[in-house]
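Numbering (numbering that gives the first Met the number 0), first residue to last: 0 to 541. We put the beta carbon where it would ideally sit given N, CA and C, even for glycine.
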Amino acid sequence: MTLTPGVDAPTWPAEFAERYRAAGYWRGETFGGMLRERAAAHPDRTALVDPAPERRTWTYRELDERADRLAAGFLARGIRKGDRVVVQLPNVGEFVEVVFALFRIGALPVYALPAHRETEIAHFCSFTEAVAYVVPDAHDGFDHRALASLMRERNPALQHVFVVGDPGEHTALSEVPCEPAGPFDGPAPHELAFLQLSGGTTGLNKLIPRTHDDYMYSLRGSNEICGVDAGTRFLVVLPAAHNFPMSSPGWLGVLYAGGTVVLAPRPDPATAFPLVERERITMTGLVPPLALVWTDAAPATAHDLSSLELVLVGGAKYSESAARRLEPALGCRLMQVFGMAEGLVNYTRLDDDTETVVTTQGRPISPDDEIRIVDDEDDDVPEGEFGHLLTRGPYTIRGYWRAPEHNARSFTGDGFYRTGDIVRRLPGGHLVVEGRAKDQINRGGEKIAPEEVENIILAHPAVHDVSVVAVPDAYLGERSLAYVILRTDAEPLTPVAVKRFVRERGIAAYKVPDLVEFVDAFPQTGVGKISKKHLRSAAEPS
Ligand code: OOB
């Protein structure tokens, strides 16, 4: 089955596509072809380093050959162009091998995060009708093989489970590779490359269909802005499946430029600082809470961090005071990045002055990123004032995958994406993120859709109603608080029991409410709906 954008999701109208091609943004490249070209140009350069438990390296030639052999193995097992494959791997070399193998045959990785559990994985498998699921044997004390068995039982379309490590009843990934029979009938550049996850506001994650053409442009633009070249040595600290460490400029950007990608198994300074020293890391990307931890730990470290040239910080609002401390502590440049898996990415620039870098979230990659800042009626606000950020451009999707109703709400009639962010624009074009209109919790860069957690808590027999809101937190920026109304006839519950109930339902740990409070009633809005704004302000420390 061939999946083209436009069939399963709205795509760019022809006149926009023509414009983006004519401007040189979409150059007709594919990821499979990109790796092939790099391997031909500099076969012996190191592409990838997986330092743990023992150091493994891949040259560009080795990565290319490995992707070919895995691609051939996937094909031999019946995985075809357009098929969806849920990939849930931590930061290990196999992650990069697997996604390039899938790119090469045009099967679509669906990027699950290592923290996802039964609730999320069941949704990805059934909603995408995935034919395969790729997992580690166990990670962070969780046995992924057992979850995979459950998914196979429930999803007849799910034919294969490939395991990195001990496969149990499934197939070891190491058994898959075989000799390619001939050239692959790969995807066209305008076709889909993968499905990325949206942060989500309503219930379960929406899926974001990205094409080879559009994503490749965001990489090229990011590389230019960040100064990525063949000498870049990039440390992937955040989960490699997330859009930020993948493409801003991320491991894909660095491979595009012929640099070296090093995968950190964990993000803490005790793990990352020795890697920075040993691997002579020049660049990395961090969410604000991690940037804080690194900033605090750096002055006392015995490790040599002098190779670091640039640290990108994004995913959530980075406080100005924390931003001011990063450059002196780490001895490198800071760049703020305000991006979204749906497309638009803003960066401060290497030649911006310090004030701009610490007080703004940057400006868009492309001259053709269209930005509108509007009021509640979709009318443009006066220049410099706050409003809702809408955007359209050469690497911003025109719609989620198989979600027509949601698309009607999330996009304007003329194709602008409603980001849900409240911003204002400075005269030079830099954006300042002032807040958020969407019902989402940004817990240190990890996005939580309150509705998803509310639905789980509502399933508890003692719960009459629930509302999950964000509360300010000095370290994470925001934490989650569940206000719970118990049934009048129910036995009293404790906060711990509510949290345990959520955890036992099988959901990513970061979505389990940090705080639980029992109340008799929620504050009401004028139309009788729960007023989250009210609940939030009730929770602010006075
Ligand atoms: C990144 O992507 P997502 O899809 O996980 O989340 C996007 C949302 C934005 O709409 C915004 O609400 C928030 O995350 N956000 C920021 C921010 N960067 C992202 N809010 C304030 N300040 C920032 N610097 O988070 C993402 C994707 C690519 C690059 C960087 C981040």
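Judged by the Cβ position, Lys205 fails to qualify as a neighbour of the ligand OOB at the 7 Å threshold, every heavy atom of the ligand being at least this far. In the DSSP assignment, Asp228 is bridged to no other residue. The DSSP assignment places 242-246, 249-255 as complete runs of the alpha helix (DSSP H) inside the stretch 236-261, in order along the chain (cut-off: 4 residues). With a contact defined as Cβ atoms closer than 8 Å, Val97 and Val86 qualify at about 6 Å.
His463 sits exposed, since fewer than 16 C-beta atoms from the chains shown fall within 10 Å of its C-beta.
Excluding sequence positions up to five before and after Val373, its CB lies within less than 8 Å of the CB of Asp379, Val380, Gly386, His387, Leu389, all in the same chain and listed in chain order. Of the candidates Leu237, Pro166, Thr170, Thr170 places its Cα closest to the Cα of His159. In the three-state scheme derived from DSSP, where H, G and I count as helix and E and B as strand, Lys205 is classed as coil. Below 8 Å, too few C-beta pairs join the stretch 174-185 and the stretch 407-417 to call them touching: fewer than three.
Taking Pro135 as reference, the option from Glu36, Leu112, Pro155 with the minimal CA-CA separation is Leu112. Separation of the CB atoms of Gly77 and Leu47 is rounded to 28 Å, and the pair is thereby denied contact status at 8 Å. Annotation: the continuous beta strand (DSSP E) that includes Lys446 extends over 445-447.
With a cutoff of 7 Å, Ala114 does not count as near the ligand OOB, since its C-beta is closer than that to no heavy atom of the ligand. At least one heavy atom of the ligand OOB lies less than 7 Å from the C-beta of Gln335. Taking C-beta separations shorter than 6 Å and ignoring five residues to either side along the sequence, the partners of Phe99 in its chain run Leu34, Ala66, following chain order.
Taking a cut-off of 8 Å for Cβ pairs, the stretch 201-211 and the stretch 139-158 do not touch, as fewer than three such pairs fall below it. In this chain, Ala192 is not harboured by any alpha helix (DSSP H); it is covered by the beta strand (DSSP E) spanning 191-196.
For the 8 Å CB-CB criterion, Pro393 and Tyr24 form a contact.
The DSSP-derived three-state label of Ala321 is helix.
Using a 10 angstroms sphere on the CB of Thr200, the tally of other CB atoms reaches 16 or more, which defines it as buried. Only exposed fits Ala13, as fewer than 16 other CB atoms lie within 10 angstroms of its CB.
At a Cβ-Cβ threshold of 8 Å, Glu276 and Asp295 do not count as neighbours. Only buried fits Arg219, as 16 or more other CB atoms lie within 10 angstroms of its CB.
Remark: C-beta atoms of Gly361 and Tyr346 approach each other more closely than 8 Å. Around Ile280, the same chain offers Arg232, Phe233, Leu234, Val261, Leu274, Ser306, Leu307 as residues with beta carbons nearer than 8 Å, after the five sequence neighbours per side are excluded. Tyr214 is positioned such that its CB atom lies closer than 8 Å to that of Ala192.
Under DSSP, Met339 forms a beta bridge with Gly342.
Annotation for Ser247 indicates a beta carbon within 7 Å of some heavy atom of the ligand OOB.
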